[in-house]
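In the numbering used here, each residue's number is its place in the sequence shown (first place is 1) plus 20. These notes concern the structure reproduced below.
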Amino acid sequence: MVKIVTHFQTTLFSVRSTYPHQFDKYSTHNVTVTEGQQAILPCHVESKKEIMIIWMNPKKIMISERESRYIDDPRISVERPFVGDYNLHIRNVRYDDRGEYTCNSAKDPVESRRIRLIVKVPSKFVRDEQRDEVITREGTTVKLTCNATGIPTPNITWFRRLSIDEEHPEQVGNVGEVLMIYNISRHCGGMYECMAFNGVYPAISKTIKVEVQFKPEITIRNRRLGQKKNKETMLECIVTASPQGDNYWKRGKNEISKNEYGYRVEIYPEDDYTISISLRILNVQNDDFGLYTCEAKNALGMSRDTMELYEYVEPTLPPTTTTTVTPKHKKYNRPDKTRLYNKQNNLDTEEDSLEYVDDVDYRKALSQNPRTQVSGNPSLKSCQDPSQNYETIVLHQLHQSP
């Protein structure tokens, strides 16, 4: 190496020439490439005769003289597509190749052209302790980590997918390597995807599955169910749990097996967490009437609920009679009439305070007197799906240095 440097110095400062020469003032000063690509560092000299051009790398080591390579690196060569060109080609560029290269003329006066090689590195994930699947209990705090390196430093963006095939996932949180989910609920489970991108294609991503577990919850839609003897009937129980465990019906203290004579136990999935357990009684007899209990249990707990099957007997209807009532107030001769207490006139609930109005007048009366109370189930504004309501979930992003 010492011999090479000495040779370069001797060549650079001892050679004299009477031919003027100059570097192309329009030569590029910065060359930017992505790691793995080929870099071409241009060097063009205007001269009436051939001159000696020497390339030096960022470590001040001579790379080449004219077209001869002085270092043992087959990736590097000097190409001369046109007269006066001494372009340095670096194939399969590495990040360590970055820095300032100089193209020097070994003539008097000595001139140099400085070219900076900038190497960008695509995003790469760093192996860490983050697992591809996270199992947690409802109400706990979940920390998802996604570390990536690259030049420049990549940004990490988080998305939530309800399914793997979802084309447009929902972005959650801000930019950062760590996603915190506090007080996680079952609606926050699913596939979380972190995407790393630093402007150098391609962007990379990885998926973390979050499974939220909770003890069973039971819903019985009909607390009391009536049926005639010698008929078929079905009892239904809705179980919501994660994971699903042992689910069964009991008559008294005895569990009813799936293949027990006279019974059929059938299970139907409804969503990711919910199943329907139906107990079909094929031929109802006296012994079948009574209380039935639906039980469900998993590793996090147990839940049960009870309903009653009773014998339904058709009532005997008495003879019908027709009674004509003449109201004391004006009666609108319109269909679909509804009874309403007219509180605008401060009337009591006696018979003479009753008035008959149709649906149009009914709504008008309500708008004029908002204090009016209506029996039955009012029409309520539908609530937003909790799975989409991220305002109630605290999501923080913590940025960590690579």
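C-beta atoms are modelled at their ideal positions from N, C-alpha and C, and glycine is treated no differently. Here the structure is a predicted model, which is why all the values come from computation and not from measurement.
Measure the beta-carbon distance from residue i to residue j and round it to whole angstroms, keeping in mind my assumption that it falls under 8 angstroms.
i, j, result
"aspartate 148", "threonine 165", "6 angstroms"
"glutamate 213", "arginine 181", "6 angstroms"
"glutamate 158", "isoleucine 204", "7 angstroms"
"proline 78", "tyrosine 121", "7 angstroms"
"lysine 235", "leucine 320", "4 angstroms"
So which of the options has the shortest CA-CA distance to residue i?
i, options, result
"serine 125", "Met82, Ala223, Lys248", "Met82"
"aspartate 117", "Cys257, Gly56, Thr161, His188", "Gly56"
"isoleucine 71", "Lys273, Arg243, Arg86, Gln58", "Arg86"
"serine 143", "Ile91, Ala319, Pro222", "Pro222"
"threonine 239", "Val232, Cys257, Val98", "Cys257"
"isoleucine 440", "Asn274, Val304, Lys278, Asn303", "Residue numbering for the chain in the displayed model covers 21 to 422; residue 440 lies beyond these limits and cannot be assessed."
"serine 84", "Pro78, Ile74, Asp93, Asp92", "Ile74"
"glutamate 190", "Ala319, Glu275, Gly210", "Gly210"
"glutamate 334", "Asp307, Lys249, Asp93", "Lys249"
"glutamine 150", "Val130, Pro339, Glu197", "Glu197"
"glutamate 280", "Arg300, Thr340, Asp152", "Arg300"
With a threshold of 6 angstroms on Cβ separation, who are the neighbours of residue i within its own chain once the five nearest residues in sequence on each side are excluded?
i, result
"threonine 52", "Ile138"
"isoleucine 60", "Asn107, His109"
"glutamine 247", "Thr253, Val304, Tyr332"
"arginine 391", "Residue confidence is low: arginine 391 scores 31 on pLDDT, short of 50, so the model does not pin down where it sits. Its coordinate-derived value is still stated next. Around arginine 391: no qualifying Cβ."
"valine 423", "As displayed, the chain neither begins before 21 nor continues past 422, which places residue 423 out of reach and without an answer."
"glutamine 58", "Arg111"
"serine 132", "Thr122, Asn124"
Considering only residues of the same chain and omitting the five flanking positions on each side of residue i, which have a CB-CB separation below 8 angstroms?
i, result
"asparagine 175", "Val195, Ala216, Phe217, Asn218"
Below 7 angstroms CB to CB, which residues in the same chain sit around residue i once its five sequence neighbours on both sides are set aside?
i, result
"isoleucine 155", "Glu231, Gln233"
"asparagine 50", "Arg136, Ile138"
"leucine 311", "Thr326, Glu328"
"glycine 104", "His64, Val65, Glu66, Ser67"
Check: Could you give the uninterrupted runs of the beta strand (DSSP E) lying entirely in the region 97-130, keeping only those of 3 residues or more?
Finding: Scanning the region 97-130 from its first residue to its last, the whole beta strand (DSSP E) runs of 3-plus residues come out as 107-110, 119-125.
Notebook entry, point to check: Just checking, does the region 312-330 make contact with the region 247-265 on the three C-beta pairs under 8 angstroms criterion?
Noted result: Touching, per the Cβ criterion.
Check: Going along the chain, which unbroken runs of the beta strand (DSSP E) with 3 or more residues stay wholly within the region 120-204?
Finding: The qualifying runs are 132-145, 153-157, 162-165, 168-171, 175-181, 198-201.
Note to self: If contact is defined by three or more beta carbon pairs under 8 angstroms, each pair taking one atom from either stretch, is the region 262-270 in contact with the region 285-297?
What the structure shows: Result yes; three or more Cβ-Cβ pairs closer than 8 angstroms.
Check: Mind pulling the beta strand (DSSP E) runs of 3 or more residues that sit fully within the region 241-268?
Finding: The qualifying runs are 244-247, 253-262.
Check: Pairing CB atoms from the region 308-323 with CB atoms from the region 268-276, are three or more of them under 8 angstroms?
Finding: Counting Cβ pairs under 8 angstroms, three or more are found: they touch.
Note to self: Going residue by residue through the region 254-341, where are the continuous beta strand (DSSP E) segments of at least 3 residues, counting only ones entirely within it?
What the structure shows: Entirely contained in the region 254-341, the beta strand (DSSP E) runs reaching 3 residues are, in chain order, 266-271, 274-276, 283-289, 294-301, 310-318, 321-331.
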